[in-house]
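Enquirer:
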Amino acid sequence: MAQGAQSRRGGNDWLREALPKLVLSPSLAMVLIFVYGFIIFTFYLSFTDSRILPSFDLVGWENYSKLFRIRAWDTAITNLLIFGSLYIVICCALGLALAILLDQKIRAEGFIRTVYLYPMALSFIVTGTAWKWFLDPGIGLQAVIRSWGWESFTFDWIKDGDMAIYTIVIAAVWQTSGFVMAMFLAGLRGIDNEVLKAAQIDGASNIALYRRIVIPQLRPAFMSAFVVLAHMAIKSYDLVIALTGGGPGTSTEVPATFMYSYTFTRNQMGIGAASATIMLMAIAAIMVPYIYSELREKS
Amino acid sequence: MSSNATATVVRTGAGSRFVIYTLLALFCLYYLLPLYVMVVNSLKPLSEIQAGGMMSLPDVWTIAPWASAWSTAQIGVEATGLRPFFWNSIVMVVPAVAISTVLGALNGYVLTKWRFRGDTIIFGLLLFGCFIPFQMVLIPMARMLGIVGLAGTVPGLVFVHLVYGIGFSTLYFRNYYQQFPTELVRAAMIDGAGFFTIFRRIMLPSSGPIAVVCVIWQFTNIWNDFLFGASFSDFDSQPMTVALNNLVQSSTGVKEYNVHFAGAIMAALPTLLVYIVAGRYFVRGLMAGSVKG
Amino acid sequence: MGFLDIKNATKSYGAVKVLHETDISIEEGEFLVLVGPSGCGKSTLLNMIAGLEEITTGDIAIKGQSMAGVRPADRNIAMVFQSYALYPNMNVGQNIVFGLEMHGVPKPERDTAMNKVADLLQIKHLLDRKPGQLSGGQRQRVAMGRALVRDPDVFLFDEPLSNLDAKLRVDMRTEIKKLHQKLKTTIVYVTHDQIEALTLSTRIAVMFGGHVQQLGTPKEVYDNPANMFVAGFMGSPSMNLFPARIAVENGKAVAKAKLADGQDATLPFPDARGFERHDGREIVLGLRPEAITDRDGADRNSQSVHVIEAHVDITEPAGSDTFVGTQMGGKEVTGRFRADVDVHPGQTFPFAINMEKAVAFDPETEKRVS
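Chains as they are written, first to last, in my numbering: chain A, 2 to 300; chain B, 13 to 305; chain C, 39 to 408.
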């Protein structure tokens, strides 16, 4: 066997050495071109006077200064802040509460977990459709309760420009909170039971136990939940389209819908590109430190 | 998820247990309510819904809304029902999932067992690619698909989903293969196995669990996608989610809520089925996408 | 030139040098053990021999042929891993012949070879099982079978016994030794267990901090450690090391060490060690526990047994022996007494010290003084 060693060296050697990199290279090339190349392209477009088609004539920061003078963008940012913060806070609070409740040796835990989590398997378009008609004052909750005899009952947020953004929060929380619950539940199951026993022997009440011992240990789960939810909030597009279509008027516009309509229906590609760039910056601000710390821990 | 891990040692009294069970049951109702609404209203005539009977069981049971949603409902300008778009989604999902999973497995194998200088940076680049707002690539991708003649076609959508799916499938396999003992690979090297032989004979036979997770994740994600479908498909090539949205948003005529609900269930059925059959893996996939390691 | 030559080999990861210039040459049929604490570079050296890690500088040659650029599969080596590294999806038989299959050996020959090895290791009844269904000891056998079937030039063992429980470890150690005596194969064996090193090897390389501290036969390493690290690492309980001073009395060299009562014990070195020229030098004196005994337990063949009276701090009966602690040069010192000696803490008791076995080290360089 070793006799062949010498003769087998040579041309084959190079291929053998390079093979792993060759296997990786198509994926890397795709990502470099279609993610990073395209990011650079869009970034470049955000400094050009592109309208219906890409143009390569630079106009400096004009698109950005225009962007921040557009009322709809202002609405989109405000909505994102309202939606994002409520979505993250409610999902975390609800998820944590449900996880703690479900961690108390519950009989039908498997079934309950399945029920809490299934919305995550649905498309936002499906979720949006279901909630759209359920919240519709004409046929949904309001109509039903009125038909039960409470004639003055009113719940028409989805038709109300000031309140419509909160219906998006309701639907989004419905879809994602079960998943956050699962993240916290996994975190709870990772806590050393001996520590809890020790605290009980030290005389800690259940509330003190959770407040002082358990919840502080869930930091990593909080971190992950925050990153996932924040990134979903910034990217959320489908749900808004399906639930309100950005309306009434532009009252539920978010950056993702703004970008789409300015680029593809209003033919303001330069401004669309600028808004996409700002979305990317927001996501990068959250994801880059997270990915960096995850990869550093590993190596 | 660690479903076999033991629950907490915290003890609760009978009174508080009653409260806990009540709360948990109420939340079950909360999560099930929209599904209930979808199902019951897809089985009743439109008039019952219009009369404010959304919450009640049908007086008259009918599958007409389902039939309509499937084959005759007005989608955009044509009365095709959702059927052709359901097939579009199937034809789009299958190759995109298959190819991205295979590539992810090979990438994960290289990144853990054939490490080289700079591999962590490459992985970081792949990983960040999963999380970018896709608005950032819509314009150039639309241009490129137009140039190569894939604009408005199902293969074009397959390509797009493949490109933006590789990051996640690589993430799954990399994290899984990281736990796979490197000594086995070294033993196989000494035994004389080469790069692909080791992958096929040693790694792949042990990759079942993560392959299931990856396939489920990719399937759910691609099936449920709306943005790419809305951006890069024509009427003939639009996937199920886009068609459903067109059905629901169409402003002409009477709003057939029961048909909408039936259509929504159709669009949800494949992923719901996957979730019910392989829920354990589904959750594991969700978790791996966020909490790594 | 030997059968396996490690010539001035080094290994660095970036700026960190994990293996310093190493020269080892062994003959065909030798059993070389690389022993040292974790992080000493022993596994790195083994992986370099296997070709699993690149050599930074220097060379490794097997049968006179440089292994530079030769991939592991072409080196005609076999390796037994710490975790056994059995392929979980293949049964025992498939595991054993996988290497032959990869090298293009036809099936009938593979089966013959497999049956021969299975007979030798008494694992014939396990051939159809999956690794997951085997006990630790059985896995260990299969891993060895996988190596043996290749009939390689050199066997490499990477801590093969460390995952077994204590009793099984001793049994397998004996079995490996028997196998080596029977098959006369060349073996390089990595362990952190100094007893394995002493019992198995024909030669030992004691490693620490990326350096080979000493290369020699088990007896050389045990009796004549090159430095304080080797002295302390090899042997259990480890060698007593305590400060002393060389003096010349009546023309003969003696070691002076303080006892617990503040008195100096005077321990004459045997003649012809030439320590007279070190008059007044501070040293670290090394005495193995078996060189500190009760009066009747002392080595009758030794010409240099000296008895001193010392305070007994502690006694630890260990069945076959009793370990007795006292103080010398301000350090805890342990002697190995016969089990039936009637000795109790608090007593002042005669300790018989065999100075033929004494070694001296320089306290600064920690190297052997001769």
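Cβ coordinates follow ideal geometry from the N, Cα and C atoms, glycine included.
Starting from the beta carbon of Gly-137 (chain C), find every residue of chain B whose beta carbon is closer than 7 Å, and list them in chain order.
Expert: Asp-203, Gly-204
Enquirer: For the alpha helix (DSSP H) that Gly-141 (chain B) lies in, which residues bound it at each end?
Expert: 131-143
Enquirer: Determine the chain C residues that contact Pro-152 (chain B) at a beta-carbon separation under 9 Å, and present them in chain order.
Expert: Those within 9 Å of Pro-152 (chain B) in chain C number zero; the least Cβ separation is about 39 Å.
Enquirer: Can a CB atom of chain B be found closer than 8 Å to the CB of Lys-160 (chain A)?
Expert: no
Enquirer: Can you tell which of B:Tyr-184, B:Leu-139, B:Pro-221 has its C-alpha closest to the C-alpha of Met-288 (chain A)?
Expert: B:Leu-139
Enquirer: Note down, in chain order, every chain B residue with its Cβ under 7 Å from the Cβ of His-141 (chain C).
Expert: Gly-204
Enquirer: With respect to the beta strand (DSSP E) encompassing Lys-215 (chain C), which residues constitute its N-terminal and C-terminal limits?
Expert: From DSSP, Lys-215 (chain C) is part of no beta strand (DSSP E) but of the alpha helix (DSSP H) over 204-221.
Enquirer: By the 10 Å Cβ neighbour count, where 16 or more other Cβ atoms means buried, how is Tyr-119 (chain A) classified, buried or exposed?
Expert: buried
Enquirer: Any beta carbon of chain A sitting closer than 8 Å to that of Phe-294 (chain B)?
Expert: yes
Enquirer: How about Ile-214 (chain B): is its C-beta nearer than 8 Å to some C-beta of chain C?
Expert: So yes, Ile-214 (chain B) belongs to the interface.
Enquirer: Can you tell me which of the three DSSP states Met-39 (chain C) falls into?
Expert: The answer is coil: DSSP assigns Met-39 (chain C) none of H, G, I, E or B.
Enquirer: What residues of chain B sit near Gly-179 (chain A), judged by a beta carbon separation below 7 Å?
Expert: Tyr-43
Enquirer: According to DSSP, is Asp-359 (chain C) part of a helix, a strand, or is it coil?
Expert: strand
Enquirer: Might you give, ordered along the chain, the residues of its own chain that have their beta carbon closer than 8 Å to the beta carbon of Asn-258 (chain B), omitting 5 neighbours on each side?
Expert: Once the five neighbours on either side are set aside, the close Cβ partners of Asn-258 (chain B) are Ile-87, Gly-88, Gln-250.
Enquirer: Interface residues of chain B around Pro-110 (chain C) at Cβ under 7 Å?
Expert: Met-201, Ile-202
Enquirer: Does Val-116 (chain A) come within less than 8 Å of chain B when only Cβ atoms are used?
Expert: Interface residue, yes.
Enquirer: Report buried or exposed for Pro-263 (chain C), applying the criterion of at least 16 other Cβ atoms within 10 angstroms of its Cβ.
Expert: So Pro-263 (chain C) counts as buried.
Enquirer: Do Gly-367 (chain C) and Arg-282 (chain C) count as a contact pair if the criterion is CB distance below 8 Å?
Expert: The residue you asked about is not Arg; residue 282 (chain C) is Ala in the sequence shown. Closer than 8 Å, so yes.
Enquirer: If we call anything under 8 Å between Cβ atoms a contact, is Cys-1 (chain A) one with Thr-177 (chain A)?
Expert: Beyond the ends of chain A as shown, which are 2 and 300, falls residue 1 (chain A); an answer cannot be given.
Enquirer: Nearest by alpha-carbon distance to Asp-191 (chain C): which of C:Pro-126, C:Ile-100, C:Lys-257 is it?
Expert: C:Ile-100
Enquirer: With a 10 Å radius around its C-beta and 16 neighbouring C-beta atoms as the bar for buried, classify Asp-203 (chain B) as buried or exposed.
Expert: Flag for Asp-203 (chain B) reads buried.
Enquirer: Report the neighbours of Lys-22 (chain A) on chain B: residues whose CB is nearer than 9 Å to its CB, in chain order.
Expert: Val-122, Trp-126, Phe-128
Enquirer: Exposed or buried, what is Arg-207 (chain C) when buried is set at 16 or more other beta-carbons lying within 10 Å of its beta-carbon?
Expert: buried
Enquirer: Rounded C-beta distance between Val-32 (chain A) and Phe-48 (chain A)? I'm assuming under 8 Å.
Expert: About 24 Å; that fails the 8 Å criterion.
Enquirer: Is the CB-CB distance between Gly-162 (chain A) and Pro-249 (chain A) below 8 Å?
Expert: yes
Enquirer: Return the first residue and the last residue of the beta strand (DSSP E) that His-58 (chain C) is part of.
Expert: 54-64
Enquirer: Put Met-245 (chain C) into one of helix, strand or coil per three-state DSSP.
Expert: strand
Enquirer: By the three-class DSSP mapping on this structure, what secondary structure does Asp-97 (chain C) have?
Expert: DSSP places Asp-97 (chain C) in the strand class (E or B) of the three-state scheme.
Enquirer: Could you say which of A:Ala-283, A:Gly-179, A:Asn-64, A:Ile-140 lies nearest to Lys-267 (chain B) if we only look at CA atoms?
Expert: A:Ile-140
Enquirer: Per DSSP, what kind of secondary structure is Lys-56 (chain B) in: helix, strand or coil?
Expert: coil
Enquirer: CA-CA distance, Leu-99 (chain A) and Val-181 (chain A)?
Expert: 9 Å
Enquirer: So what's Tyr-125 (chain C) in DSSP terms, helix, strand or just coil?
Expert: coil
Enquirer: Of all the options C:Pro-306, C:His-316, C:Leu-84, which has the alpha carbon lying nearest to the alpha carbon of Val-193 (chain C)?
Expert: Inspection of the sequence shows that residue 193 (chain C) is occupied by Phe rather than by Val. When only C-alpha atoms are compared, the closest one is C:Leu-84.
Enquirer: Secondary structure at Ser-15 (chain B), three-state DSSP: helix, strand or coil?
Expert: Only weak support is given to the placement of Ser-15 (chain B): the predicted model assigns it a pLDDT of 40, under 50, and the value that follows is read from those uncertain coordinates. The DSSP-derived three-state label of Ser-15 (chain B) is coil.
Enquirer: When the Cα atoms are used, what is the spatial distance from Ile-78 (chain A) to Val-149 (chain B)?
Expert: 21 Å
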